[in-house]
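Student:
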Amino acid sequence: MSLVNYATREITCKIVYYGPGRSGKTTNLHYIYGQVPDDRKGKMVSLATQTDRTLFFDFLPLDLGMISGFTTKFQLYTVPGQVYYQTTRKLVLQGADGVVFVADSQSRQLDENVESFQDLHANLADQGVEARSVPLVIQYNKQDLPPELILSTNELSDALNFRGVPEFSADALHGPGVFETLKSISELVLKRLAGNGATR
Amino acid sequence: MSTPFSEMLDSLTRQRGVRASLIVSESDGLVVDSNLRFGQDGERVAALAASMYRKARLSARAARLGAVAFLQLDAERGRICAVGGRSDLVIVVVADAAANVGLIRMELLKALETLE
Amino acid sequence: MNIAAVEAWVEAPLRRFVDDARARLALLLHPSGQVMAQAGFTREVDVMTACALAAASHATAGELGRRVDGKPFRGLHYAGPDKQLYMAAIETTRGAYVCLTVFDSASSLGLVRIYFDDLQRELSAAAPASEPVAAPALAVDFEADLNRNLAALFGREEPSVTKRPGGVPLS
Amino acid sequence: MADDVRRWSDELARDPSSLVFLQLGEALRRQGQLEVALKIALRGLDRHQMNADAHDLVARIAVDRRDFARAMEEWETVLRIKPAHLGAMKGLGYVCFQQGRFEDAERFLSKAAAGGAGSDVSNALATVRRSSGGMLAPTLPSEAQAEDPQYLFADLLVDAGQTALLLDASGYVMAGVYLDAEGTNVAQDVGAQLSGISDEVLRSARHLDIGDWKAITFETQAAVVAMAPGRDNSLMVVAASRATPLGLLRRLLERCADRAAVWLGVERNGGDRQ
Chain A
-9 MSLVNYATRE
1 ITCKIVYYGP
11 GRSGKTTNLH
21 YIYGQVPDDR
31 KGKMVSLATQ
41 TDRTLFFDFL
51 PLDLGMISGF
61 TTKFQLYTVP
71 GQVYYQTTRK
81 LVLQGADGVV
91 FVADSQSRQL
101 DENVESFQDL
111 HANLADQGVE
121 ARSVPLVIQY
131 NKQDLPPELI
141 LSTNELSDAL
151 NFRGVPEFSA
161 DALHGPGVFE
171 TLKSISELVL
181 KRLAGNGATR
Chain B
30 MSTPFSEMLD
40 SLTRQRGVRA
50 SLIVSESDGL
60 VVDSNLRFGQ
70 DGERVAALAA
80 SMYRKARLSA
90 RAARLGAVAF
100 LQLDAERGRI
110 CAVGGRSDLV
120 IVVVADAAAN
130 VGLIRMELLK
140 ALETLE
Chain C
456 MNIAAVEAWV
466 EAPLRRFVDD
476 ARARLALLLH
486 PSGQVMAQAG
496 FTREVDVMTA
506 CALAAASHAT
516 AGELGRRVDG
526 KPFRGLHYAG
536 PDKQLYMAAI
546 ETTRGAYVCL
556 TVFDSASSLG
566 LVRIYFDDLQ
576 RELSAAAPAS
586 EPVAAPALAV
596 DFEADLNRNL
606 AALFGREEPS
616 VTKRPGGVPL
626 S
Chain D
46 MADDVRRWSD
56 ELARDPSSLV
66 FLQLGEALRR
76 QGQLEVALKI
86 ALRGLDRHQM
96 NADAHDLVAR
106 IAVDRRDFAR
116 AMEEWETVLR
126 IKPAHLGAMK
136 GLGYVCFQQG
146 RFEDAERFLS
156 KAAAGGAGSD
166 VSNALATVRR
176 SSGGMLAPTL
186 PSEAQAEDPQ
196 YLFADLLVDA
206 GQTALLLDAS
216 GYVMAGVYLD
226 AEGTNVAQDV
236 GAQLSGISDE
246 VLRSARHLDI
256 GDWKAITFET
266 QAAVVAMAPG
276 RDNSLMVVAA
286 SRATPLGLLR
296 RLLERCADRA
306 AVWLGVERNG
316 GDRQ
């Protein structure tokens, strides 16, 4: 539900980074936060446990600047990945304009990836949202790890990307892939505003 | 349901012309207990009367007039009287414009003694 | 007090509310965390953050209410040493909103609650019956703007494409 | 107090020569029933012509009735009967001050202070000295006084502890003076503090659907205060010592508000008060 203020010509979009626990969702936001100049971002908010696991969500407001004459702002959220935070994930997912699914490329995490991806679709359905209508991008994170520990992007794509959405290999800790992922989801979300008009 | 304040509030509301009597928390403007005649909005009276009493108390203190004991607002169609003491509680009465405010004041001061 | 609203019909009721309740800050937001109107904030990023946290807090309280009481709580109140916060849902014909307000000793919880009820009534009365028909907001060729802004955001001249396994678009 | 009045009236009816008329007259004066009080006092005075307190009572009632000449006469009689009567010295000091006779006022009040009168006399003395030594000449003509908004209510204030202020919508003092225990004019501070109450009152009256507000009165440890809204969003504030009955305070408020209304009307119409 992108918010368009025609009077002040402002657009605000909500993008949720979804995925299993420890797949690197918060790391994506931290990297973005570190790259963006101060005047284009708000404070990053992390509602985390004592061990730095995301408890509720991380939140980063970004000012993208003028696009087609509209001041465009993105609100980036992460959800907590652990299975038992189901309720919280649903709450954060509410009203998302786009979703980035951050998969953990480690072989032993495949089941968690699949489970989390199904969980995403189930939660969207619960909110009465047709999953296919929501802009989605998949990021295969931790591709910098030794090849014997991870699945190839093709293998991950076979397991997860049955919809054929844009997908990216990434190393969120050091940056590769983070920007491309954000750019891709931004395009998809804004395309809806260009093609379909605002939903509100 | 009978509360520790029921008797006191009953006796205030029995006064001629009294529409409502309430015990209110001054700091948060919430009703602690009340005895309301039909049509009186206790929450509204509590919030506004507590705020008015607090403002008078703070202003009087700032003006070095000492603690406020009794307050009375007269308006075209009604009167509001309030007394407060050492605690956060304020006793408030809403009465008709023609009610005998002298009697109400006495009853309120008596009620305050009971409260404290 | 400075008030900004995404839709004009919200502004007058919200202004009355902050004036009457002597509130320091007020936010009207969608339950998903998108701001509808704000009063008293000076930085927009603070507004967004406050909305995100308010939406989360409201959703949590609602869920807690449903679990312990079978229905969401009516409102939520936090009290700090100097400032207090009250938040509750507001239903209108345009859907549900969440209103968060911050107040200090110039007001009280009781006052904020009664004026909250008034705000609910006034917003319900002011809400247009139906959604506005939205025109496409962006030009079809918005990508050039987006690329330029993102590149500037990340301090790059051009959006770069790295090689596998470091960020190659796979499709 | 109503009970006391009834009891003293009964006693006086039973024994017309009783000195209880002194208490009864004073109580009625404090309630603002000046005509009845005067009747009782004069009847008592008939029977007790050499009683200084009876003359003192008549003088105090006369001041309330704005009859300064009669008050002077009575207090002078008191001093002839009882030269050390502090009440009469204070009263004469007050009347002289009101008439702009600061030297006489200072003389009476100094005598009272030397005779052991309390802090109220010291304060009054300080006020008189400030007035005579400061912005006002000792023999300030009354017309000049009338031109100074500080003295707009001076002749309406009957006790040393009484004070009146007229504030504008922003809480600034337009007229009147408020002296603290040291005799300093703290009108602006007090006015700014008290004017905030009117916003609260306005809101309460509006949201409780009780119509326009007419007055607010409150009792504090030190004083009784009454306020009323005036023309052009002004606020009339009167204060008096805690012992002042609320009824009397309200009368004072009404008189001052009437005066203020006339003054504001004149101010608005070009400042000619003649």
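As given, the protein sequences belong to chains A, B, C and D, one line each in that order. Going by the working numbering, the first residue of the first sequence is number -9, and it counts up by one from there. Going by the working numbering, the first residue of the second sequence is number 30, and it counts up by one from there. Going by the working numbering, the first residue of the third sequence is number 456, and it counts up by one from there. Going by the working numbering, the first residue of the fourth sequence is number 46, and it counts up by one from there. The beta-carbon is built from N, C-alpha and C at its ideal position, and this holds for glycine as well.
#1: Taking only beta-carbon atoms, is T333 of chain D less than 9 Å away from chain B?
#2: So, helix, strand or coil for R529 of chain C, using DSSP?
#3: If we call anything under 9 Å between Cβ atoms a contact, is T32 of chain B one with L65 of chain B?
#4: Using the beta-carbon count (16 or more within 10 Å), is Q108 of chain A buried or exposed?
#5: Specify the secondary structure class of A306 of chain D as computed by DSSP and reduced to three states.
#6: Going by Cα to Cα distance, which pick from C:R529, C:A507, C:R522, C:A599 is closest to S58 of chain A?
#7: Among A:F47, A:D94, A:Q25, which has the Cα closest to the Cα of G165 of chain A?
#8: Could you pull out every residue in the same chain whose Cβ sits closer than 7 Å to the Cβ of N230 of chain D, ignoring the five residues on either side in sequence?
#9: So, helix, strand or coil for A561 of chain C, using DSSP?
#10: Is DSSP giving D474 of chain C helix, strand or coil here?
#11: So what does Y541 of chain C bridge to, in DSSP terms?
#12: Roughly how many angstroms separate the alpha carbons of A543 of chain C and S512 of chain C, rounded to a whole number?
#13: Report the residues of the segment 46 to 62 of chain B with a CB closer than 7 Å to any CB of chain C, ordered along the chain.
#14: Using CA coordinates, which residue listed in C:M456, C:N604, C:Y570, C:R479 is at the minimum distance from R73 of chain B?
#15: In or out: N151 of chain A buried (at least 16 other Cβ within 10 Å) or exposed?
#16: To the nearest whole angstrom, what separates the beta carbons of R304 of chain D and L197 of chain D, a pair I think is in contact under 8 Å?
#17: By the DSSP assignment, the beta strand (DSSP E) with W258 of chain D in it spans what residues?
#18: Is it true that the CB of V461 of chain C sits closer than 9 Å to the CB of L(-7) of chain A?
#19: Applying the 10 Å Cβ sphere with the 16-neighbour rule, what's the burial state of V307 of chain D?
#20: As a quick exercise: from D:V203, D:W120, D:S63, D:Y217, pick the residue whose alpha carbon is nearest that of P194 of chain D.
#21: What span of residues does the beta strand (DSSP E) with L141 of chain A cover, start to end?
#22: Output the distance between the C-alpha atoms of G107 of chain B and A494 of chain C, rounded to the nearest integer angstrom.
#23: Going by C-alpha distance, which of B:R45, B:A126, B:A96, B:I52 is nearest G71 of chain B?
#24: Taking the continuous alpha helix (DSSP H) assigned at S106 of chain A, which residues delimit it?
#25: Would you call the segment 281 to 297 of chain D and the segment 111 to 121 of chain B touching, i.e. three or more CB-CB distances under 8 Å?
#26: Any idea which residues DSSP pairs P274 of chain D with across the strands?
#27: For a quick check, are the C-beta atoms of F64 of chain A and S176 of chain A less than 9 Å apart?
#28: Could you check the C-alpha separation between A467 of chain C and G275 of chain D for me, to the nearest Å?
#29: Check whether the segment 85 to 97 of chain A touches the segment 13 to 27 of chain A, counting contact only when three or more Cβ pairs, one atom from each stretch, lie closer than 8 Å.
#30: Please work out which residues of its chain come closer than 7 Å, Cβ to Cβ, to Q143 of chain D, disregarding the five sequence neighbours upstream and downstream, and give them in chain order.
#31: Just reading off the beta strand (DSSP E) that I255 of chain D is part of, what are its end residues?
#32: Going by DSSP, name the residue or residues bridged to Q101 of chain B.
#33: In whole angstroms, give me the CA-to-CA distance for Q117 of chain A and E142 of chain B.
Tutor: In this structure, then:
#1: A query on residue 333 of chain D cannot be resolved here, the shown segment of chain D reaching from 46 to 319 and no further.
#2: Here R529 of chain C sits in coil by DSSP.
#3: In this structure, L65 of chain B does not lie closer than 9 Å to T32 of chain B by Cβ.
#4: Label assigned to Q108 of chain A: exposed.
#5: A306 of chain D falls in the helix class under three-state DSSP.
#6: Among C:R529, C:A507, C:R522, C:A599, the Cα nearest to that of S58 of chain A is on C:A599.
#7: When each option's Cα is compared against that of G165 of chain A, the closest is A:Q25.
#8: If we look at N230 of chain D and ignore the five residues flanking it on each side, its Cβ neighbours are V222, Y223, L224.
#9: The answer is coil: DSSP assigns A561 of chain C none of H, G, I, E or B.
#10: Here D474 of chain C sits in helix by DSSP.
#11: Bridge partners of Y541 of chain C: C:H532, C:T556.
#12: Between A543 of chain C and S512 of chain C, the C-alpha separation is close to 10 Å.
#13: Legend: CB atoms of the segment 46 to 62 of chain B lying less than 7 Å from CB atoms of chain C belong to residues S56, D57, G58, L59.
#14: For R73 of chain B, the nearest C-alpha among the options comes from C:Y570.
#15: Here N151 of chain A is buried. Its C-beta has 16 or more other C-beta atoms within 10 Å.
#16: With 8 Å as the limit, R304 of chain D and L197 of chain D qualify as a contact, their Cβ atoms being about 6 Å apart.
#17: Start and end: 258 to 265.
#18: Taking 9 Å as the Cβ cut-off, L(-7) of chain A and V461 of chain C qualify as a contacting pair.
#19: Answer is exposed; the Cβ neighbour count stays below 16.
#20: P194 of chain D has its Cα closest to that of D:Y217, out of D:V203, D:W120, D:S63, D:Y217.
#21: It is not in any beta strand (DSSP E) - L141 of chain A carries neither H nor E in the DSSP assignment.
#22: Cα-Cα distance, rounded: 34 Å.
#23: Of B:R45, B:A126, B:A96, B:I52, the smallest CA-CA separation from G71 of chain B is found for B:I52.
#24: Taken as a continuous stretch (DSSP letters only), the alpha helix (DSSP H) holding S106 of chain A covers 100 to 116.
#25: No: the two stretches stay apart, fewer than three of their Cβ pairs being nearer than 8 Å.
#26: Answer is D:L280, bridged to P274 of chain D.
#27: Remark: C-beta atoms of F64 of chain A and S176 of chain A approach each other more closely than 9 Å.
#28: Their Cα atoms are separated by approximately 29 Å.
#29: Yes, they touch.
#30: These residues qualify, in order along the chain: F113, A199, D200.
#31: That residue, I255 of chain D, is in no beta strand (DSSP E); it is neither H nor E in DSSP.
#32: When beta bridges are read from the DSSP output, Q101 of chain B appears opposite B:C110, D:T262.
#33: C-alpha separation (whole angstroms): 58 Å.
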